[in-house]
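**Q**
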Amino acid sequence: MNAPLAHADTVLRVVEGNAVVAADGDAGLIQRSWLRCYQDFRLDPASPGRMRVEASAALRQRREQHERYLRAARAGMEQLYRHVADLGYVLMLADADGVTLDFLGANGPETPLRDGLVIGADWNEAHAGTNGIGTCVAERHTLTCHREDHFFAGNLDLSCTATPLFDPLGELFGVLDVSAITTPEARESQHLVRHLTALYGRIIEDANFVEYFSDCWIIKLNTIAALAEINAEIMLAFDRDGVIRGANSGARHHLRVLEQTVETDLTGNSLSAVFRTHPSEIWRMAHGVVGLEKSTVDTWDGHRYCAVMRGPRRPPHSGRSTIVTPDDGSALEAIAGDDPQMRRVIEQGRRLAVCPLNILVQGETGTGKEVLARALHNSSPRAEKPFVAVNCAAIPESLIESELFGYTPGTFTGARSKGMTGLIQRADGGTLFLDEIGDMPLQLQTRLLRVLSESEVLPLGAEKPITLSLTVIAASHHNLQEQIRVGDFREDLFYRLCGATLELPPLRERQDRDFLIDALLHREAQALGTTPDITAQALEVLGRQSWPGNIRQLRNVLRYALSMSCGEPIAVAHLPEEVLRGEYAHSQPQPSASTTSRLEARTDDAASASGASEAERLFQMLRKHRWVITEVARELNLCRATIYRRMKRHGIVPPTHYC
Numbered sequence: 001m002n003a004p005l006a007h008a009d010t011v012l013r014v015v016e017g018n019a020v021v022a023a024d025g026d027a028g029l030i031q032r033s034w035l036r037c038y039q040d041f042r043l044d045p046a047s048p049g050r051m052r053v054e055a056s057a058a059l060r061q062r063r064e065q066h067e068r069y070l071r072a073a074r075a076g077m078e079q080l081y082r083h084v085a086d087l088g089y090v091l092m093l094a095d096a097d098g099v100t101l102d103f104l105g106a107n108g109p110e111t112p113l114r115d116g117l118v119i120g121a122d123w124n125e126a127h128a129g130t131n132g133i134g135t136c137v138a139e140r141h142t143l144t145c146h147r148e149d150h151f152f153a154g155n156l157d158l159s160c161t162a163t164p165l166f167d168p169l170g171e172l173f174g175v176l177d178v179s180a181i182t183t184p185e186a187r188e189s190q191h192l193v194r195h196l197t198a199l200y201g202r203i204i205e206d207a208n209f210v211e212y213f214s215d216c217w218i219i220k221l222n223t224i225a226a227l228a229e230i231n232a233e234i235m236l237a238f239d240r241d242g243v244i245r246g247a248n249s250g251a252r253h254h255l256r257v258l259e260q261t262v263e264t265d266l267t268g269n270s271l272s273a274v275f276r277t278h279p280s281e282i283w284r285m286a287h288g289v290v291g292l293e294k295s296t297v298d299t300w301d302g303h304r305y306c307a308v309m310r311g312p313r314r315p316p317h318s319g320r321s322t323i324v325t326p327d328d329g330s331a332l333e334a335i336a337g338d339d340p341q342m343r344r345v346i347e348q349g350r351r352l353a354v355c356p357l358n359i360l361v362q363g364e365t366g367t368g369k370e371v372l373a374r375a376l377h378n379s380s381p382r383a384e385k386p387f388v389a390v391n392c393a394a395i396p397e398s399l400i401e402s403e404l405f406g407y408t409p410g411t412f413t414g415a416r417s418k419g420m421t422g423l424i425q426r427a428d429g430g431t432l433f434l435d436e437i438g439d440m441p442l443q444l445q446t447r448l449l450r451v452l453s454e455s456e457v458l459p460l461g462a463e464k465p466i467t468l469s470l471t472v473i474a475a476s477h478h479n480l481q482e483q484i485r486v487g488d489f490r491e492d493l494f495y496r497l498c499g500a501t502l503e504l505p506p507l508r509e510r511q512d513r514d515f516l517i518d519a520l521l522h523r524e525a526q527a528l529g530t531t532p533d534i535t536a537q538a539l540e541v542l543g544r545q546s547w548p549g550n551i552r553q554l555r556n557v558l559r560y561a562l563s564m565s566c567g568e569p570i571a572v573a574h575l576p577e578e579v580l581r582g583e584y585a586h587s588q589p590q591p592s593a594s595t596t597s598r599l600e601a602r603t604d605d606a607a608s609a610s611g612a613s614e615a616e617r618l619f620q621m622l623r624k625h626r627w628v629i630t631e632v633a634r635e636l637n638l639c640r641a642t643i644y645r646r647m648k649r650h651g652i653v654p655p656t657h658y659c
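Numbering (our numbering), first residue to last: 1 to 659.
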């Protein structure tokens, strides 16, 4: 029996259950692929196979969709090709459908792969049978498809090694393939190429990850300190609130959320849900207080990693220090539609923006207080000057003084040798935005009051103050009047900040939700490189939600739905489970921030009367939520930094394990 017929006979015996695939570690992958090709796609293993090639217009559209990833992928391919070119290999990059978008290598008429070695060749299993690219797309696993592993008898001279490529959000965006032009008989000859392919696949992924999250903090982890910076096994991107925004493949594989024993989505969780190391220590690393070469972090599953931190390289959407350009007056108009409450806020803001007046913005968490502050700045005569945003709750208490006021060289151990300009001084001539001002420690409120009253700042270690000219916009979701009553906020500072007050309504009370969904959908679609479209049914489901997380929650839901829809219009099935279950559907009206604060005050008074101390109540709440700080903060309507601050004040330390 000749080779093609013998191979077809082998395939048939395997798919009928009378034999097993002879491949080594990939035997299970190859056997599943043969079953798909024979049972699902009705392919004939004796056929030589016919390669399909994408039309030029469709191929151009595919390349445009992946443009943001192709640059890093091409650079990685060129480096890898230098290692394998002399050994007779060619490289291909395919998208998640198996269509090649890039190619490197010799493609002469003598090449067995010549029909498939062109940009636009479609290696999908449904018609190309078992092969490196198509089977890698289906299995999402690094594999070698060597000679007889192929489904079609016409491909027995080929050996292809492929590794999946995942985008920064964890979705498959393509496959890197290394194929031998002349293939030795021994499968072992491909082991080194397999390791190189997997290595460069991860390099390409991580390069895209760093670029995509260049507006976030990134923590890089490795078990070996010397490799943490240049070859991180694990990378997490997180924002200035300590919320994880992205995880590379290594992080998704190795890290677990607290008490989770199976792989789960890390994004949206706080750092404290992954690391046993206190978040304040991680922020100390971020600000250079701890030498990076000596930094380690511990995870809840008992592992210790060497860590290196990398700060944002481009201004984040809610950044700490951003210089903006003048606006044509439309900045305020762009943040709302025809909602009466918001129209009143915009009209007030337009008049206040041109006055040298400090403004207090009140509203629930996620209502867009910083967005309003930026719009006020862009509509003011200070638009060409810096806009510096400071989240008073996100900076650890041990760092907030040096961050705000700066310091001179040699002020304290671990400080930068040249000193540091404080955030307040960086805002000179422009706008200083103090988010979550209600969480600023009392002793710093006193220093801030002096800055506002004297228009000058004294850096730590300095002898002479520096004169400033700035306007302050402060924001809080707390009722500051209640905080004044219980002694948590200075009354004189309140009146310094409160030259005017703007109250942002919660999303559930706004009548321009369709406007917001459309605006956010276009913005998120542009960031993800996809189409901003949504069905009427999905829009109706979104309209029924009460949105306790307000605009921030809506944005996250739309981002999730766009990722799930894969370029199609967002349908009901693409929405998160909690939305589909109606967990946030309208029921009774939710209390406003001021009402919540009054209820909290009455609850605290009643609890004090019954003899329960703040420490006891906090400890019980922590136990209730299994020490997940994010959940405790959400139930108490406080920020995470305040919870950590109270834990430190009362000496409450998380357990190292749970019984």
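From the three backbone atoms N, C-alpha and C, an ideal C-beta is built for every residue, glycine too.
1) Can you list, in chain order, the residues of its chain with a C-beta nearer than 8 Å to that of V84? Leave out the 5 residues immediately preceding and following it.
2) Should L558 be flagged as near chain B, meaning a C-beta pair shorter than 7 Å?
3) Assign R555 to buried or exposed, taking buried as 16 or more other Cβ atoms, counted over all protein chains shown, within 10 Å of its Cβ.
4) Nearest-angstrom Cα distance between R52 and V99?
5) Could you tell me the alpha carbon to alpha carbon distance between A607 and G549, rounded to whole angstroms?
6) State the DSSP-derived secondary structure class of G406, mapped to helix, strand or coil.
7) If you reduce the DSSP assignment to three classes, tell me which class F489 lands in.
8) Determine the direct distance from the alpha carbon of H191 to that of L87, and round the result to whole angstroms.
9) For Q341, which residues in the same chain have their Cβ closer than 6 Å to its Cβ, ignoring the five residues on either side in sequence?
10) Rounded to whole angstroms, what's the CA-CA distance from T501 to N378? Just pull it up for me.
11) Going by DSSP in three states, E67 sits in which element: helix, strand or coil?
12) Specify whether the segment 120-128 and the segment 208-217 touch according to this definition: at least 3 beta carbon pairs, one from each stretch, less than 8 Å apart.
13) Any chance you could list the alpha helix (DSSP H) runs of at least 4 consecutive residues sitting entirely within the segment 349-377, in chain order?
14) In chain order, what are the residue ranges of uninterrupted beta strand (DSSP E) at least 3 long that sit wholly in the segment 32-95?
15) Which ranges does the alpha helix (DSSP H) cover as unbroken runs of at least 4 residues, wholly within the segment 506-594, from first to last along the chain?
16) Quick one: residues in its chain with C-beta nearer than 8 Å to the C-beta of S56, no 5 flanking neighbours on either side, listed in chain order?
17) Please tell me whether A228 and L236 are closer than 7 Å, where the distance is taken between their beta carbons.
18) Which residues in the same chain as L182 place their Cβ atom closer than 6 Å to its Cβ, once the five residues preceding and following it in sequence are excluded?
19) Judging by CA-CA distance, which residue of F619, E524, R640 and L516 is the nearest neighbour of T367?
20) Quick check on the burial criterion: 16 or more other C-beta atoms within 10 angstroms. Buried or exposed for K662?
21) Within 10 angstroms of its Cβ, does P386 collect 16 or more other Cβ (buried), or is it exposed?
22) Assuming G174 and L93 are in contact, meaning their beta carbons sit under 8 Å apart, how far apart are those beta carbons, in whole angstroms?
23) How is T267 classed by DSSP in three states: helix, strand or coil?
24) So A394 and L434 are in contact, right, with Cβ under 8 Å, and what is the actual spacing, rounded?
25) On the CB-based measure, 16 or more other CB atoms within 10 Å of its CB, does H278 come out buried or exposed?
26) Are the beta-carbon atoms belonging to L507 and T530 less than 7 Å from one another?
27) Report the rounded CA-to-CA distance for F213 versus T408, giving the unit in angstroms.
28) Along the alpha helix (DSSP H) that carries S453, what are the first and last residues, could you check?
29) For the beta strand (DSSP E) that contains E205, what are its first and last residues?
30) Do V457 and L432 count as a contact pair if the criterion is CB distance below 7 Å?
31) Inspect the beta-carbon positions of P164 and L158 and report whether they are closer than 7 Å.
32) State the Cα-Cα distance for the pair E54 and A27, rounded to the nearest angstrom.
**A** This is what the structure holds:
1) L91, V178, V193 and L196
2) Here there is only one protein chain, and chain B is not present.
3) Buried, by the Cβ-count rule.
4) 9 Å
5) Residue placement at A607 cannot be trusted, given a pLDDT of 41 that sits under 50; the coordinates are not used to answer.
6) strand
7) coil
8) 14 Å
9) So the qualifying residues of the chain are P505.
10) About 18 Å.
11) helix
12) no
13) none
14) If we require 3 residues or more, the beta strand (DSSP E) runs fully inside the segment 32-95 come out as 89-95.
15) 513-528, 536-543, 550-565 and 577-580
16) G120
17) no
18) Residue 182 is actually Thr in this sequence, not Leu. Excluding positions up to five away in sequence, the list reads G88.
19) L516
20) This structure cannot settle anything about residue 662, because the visible part of the chain is limited to 1 through 659.
21) buried
22) 6 Å
23) coil
24) A394 to L434, Cβ: 12 Å. No contact.
25) buried
26) no
27) 32 Å
28) L442 to E454
29) Segment H191 to Y212 is the alpha helix (DSSP H) holding E205; no beta strand (DSSP E) there.
30) no
31) no
32) 31 Å
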